[in-house]
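Below is one structure; the comments refer to it alone.
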Amino acid sequence: MPQLIRITDPEDPRLSDYVGLTDMELRKRAEPEQGLFIAEGDKVIQRAVAAGHPMRSMLLSDKWLPLMTPVLEETGAAAYVGSPELLEEVTGFHVHRGALAAMQRKPLPEPTAVLDGARRIVVLEGVNNHTNVGAIFRGAAALGMDAVLLAPDCADPLYRRSVRVSMGTVFAIPWTRLEPWPQALSLLAGHGYRRIALTPAPEAVDLRGLRLEKTEKAALFLGSEGDGLSARAFAACDLKVRIPMAEGVDSLNVAAAAAVACYALAD
Numbered sequence: 005m006p007q008l009i010r011i012t013d014p015e016d017p018r019l020s021d022y023v024g025l026t027d028m029e030l031r032k033r034a035e036p037e038q039g040l041f042i043a044e045g046d047k048v049i050q051r052a053v054a055a056g057h058p059m060r061s062m063l064l065s066d067k068w069l070p071l072m073t074p075v076l077e078e079t080g081a082a083a084y085v086g087s088p089e090l091l092e093e094v095t096g097f098h099v100h101r102g103a104l105a106a107m108q109r110k111p112l113p114e115p116t117a118v119l120d121g122a123r124r125i126v127v128l129e130g131v132n133n134h135t136n137v138g139a140i141f142r143g144a145a146a147l148g149m150d151a152v153l154l155a156p157d158c159a160d161p162l163y164r165r166s167v168r169v170s171m172g173t174v175f176a177i178p179w180t181r182l183e184p185w186p187q188a189l190s191l192l193a194g195h196g197y198r199r200i201a202l203t204p205a206p207e208a209v210d211l212r213g214l215r216l217e218k219t220e221k222a223a224l225f226l227g228s229e230g231d232g233l234s235a236r237a238f239a240a241c242d243l244k245v246r247i248p249m250a251e252g253v254d255s256l257n258v259a260a261a262a263a264v265a266c267y268a269l270a271d
């Protein structure tokens with residue numbers, strides 16, 4: 005049987021992993037430093053466990069205990085059980101997805117290890133919105149990309165909102181940070197990747213005309229919504245492509261643009 009611990013005090017020190025989940029600045033600093041992340045909802049928690057992330061504990065209300073018991077039995081983690089009101093007081097929001105789990109991060113792989121096993125990848129620079137990062141991961145996984153590489157200034161894919169928006173696909177596709185930036189971009193050339201920048205620039209090649217050989221390695225570069233790719237990252241690309249827009253519309257949201265471009269790059 006799983007270890008169930010009834011919680012009645014929102015200031016119980018055993019709940020420290022779950023305190024202030026809506027304080028983004030606090031969590032962005034604390035979670036990586038402590039080697040943890042928060043998974044929210046049964047499907048995301050199950051996918052995190054299946055990907056090999058150890059569970060530190062779970063926080064849930066009685067209503068969701070039957071659904072989450074198999075995961076608790078599998079992991080042997082302690083479950084802190086309390087009223088919905090207590091969970092909200094601890095976390096700062098209504099936990100309507102049933103359960104939260106504090107999960108242990110795994111060391112990120114070396115970029116060379118990711119590149120060696122991939123053929124189509126996405127490279128992100130300056131994408132610091134967690135919702136966009138999660139949506140890009142979901143699209144990349146769904147459309148057959150092999151990996152995602154992130155510049156140091158990108159949002160954390162394991163932040164709760166990113167994981168939730170990705171529907172746990174952040175655990176299904178290899179990813180890592182590419183440092184130092186942009187010097188490490190030379191790794192892509194060394195591994196034989198054709199580097200393709202997505203840009204709204206009118207002189208860029210129409211994405212609909214892009215043709216890649218099945219065996220050709222390709223890296224799709226995406227930048228921030230406002231400024232796009234930096235000059236140095238843009239210059240490191242071999243080809244610039246654009247998604248043609250209807251008159252009066254200049255661009256798509258970066259996550260939507262990523263999905264369109266990933267579809268174009270897929271076999």
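The C-terminal residue of the sequence shown carries number 271 in my numbering, and the numbering is unbroken. Even glycine gets a Cβ: it sits at the ideal position worked out from N, Cα and C. Predicted model only: the values in this text are computed from it and were never measured.
In this chain, Arg-246 is not harboured by any alpha helix (DSSP H); it is covered by the beta strand (DSSP E) spanning 243 to 246. Distance from the CA atom of Glu-129 to the CA atom of Asp-210, rounded to whole angstroms, is 22 Å.
In this structure, Ile-49 places its C-beta atom within 8 Å of the C-beta atom of Ala-103. Across the structure, Leu-226 and Pro-111 are spaced so that their CA atoms are roughly 25 Å apart. Counting C-beta atoms within 10 angstroms of its own C-beta, Leu-243 has fewer than 16 neighbours from the protein chains shown and is therefore classed as exposed. When rounded, the separation of the alpha-carbon atoms in Val-23 and Ser-166 is 18 Å. In this structure, the alpha-carbon of Ala-259 lies about 19 Å from that of Ala-222. In the structure shown, Ala-83 falls within a strand segment according to DSSP collapsed to helix, strand and coil.
Counting C-beta atoms within 10 angstroms of its own C-beta, Phe-97 has fewer than 16 neighbours from the protein chains shown and is therefore classed as exposed.
Ranked by how close their Cα comes to the Cα of Arg-236, the residues Asn-257, Ala-201 and Ile-9 have Ala-201 in first place. For the set Gly-143, Leu-162, Cys-158 and Glu-251, the Cα lying nearest the Cα of Tyr-267 is the one of Gly-143. With a threshold of 16 other beta carbon atoms within 10 Å, Glu-44 meets it and is buried. Short of 7 Å from the beta carbon of Arg-60, and not among the five residues preceding or following it, lie these beta carbons of its own chain, in chain order: Asp-21, Leu-40, Ala-81, Ala-106, Met-107 and Gln-108. Excluding residues up to 5 positions away in sequence, Arg-124, Ile-125, Val-126, Ile-177 and Cys-266 lie with their Cβ nearer than 7 Å to the Cβ of Met-149 in the same chain. Residue pairing by DSSP places Asp-210 opposite Arg-246 in a beta bridge. Under the 10 Å beta carbon count, Thr-26 is surrounded by fewer than 16 other beta carbons and is classified as exposed. Uninterrupted beta strand (DSSP E) stretches at least 3 residues long and entirely within the region 23 to 83 occur at 40 to 44 and 59 to 64, given in chain order. Under the three-state reduction of DSSP output, Arg-215 falls in the coil class, being neither helix nor strand. Asp-160 sits buried, since 16 or more C-beta atoms from the chains shown fall within 10 Å of its C-beta. Val-127 carries a strand assignment under DSSP once its states are collapsed to helix, strand and coil. As the crow flies, the alpha-carbon of Ala-155 is around 11 Å from that of Ser-234. In the DSSP assignment, Val-99 falls outside any beta strand (DSSP E), carrying neither H nor E. Between Leu-71 and Met-62 a beta carbon distance of about 11 Å is seen, past the 8 Å cut, so the two are scored as non-contacting.
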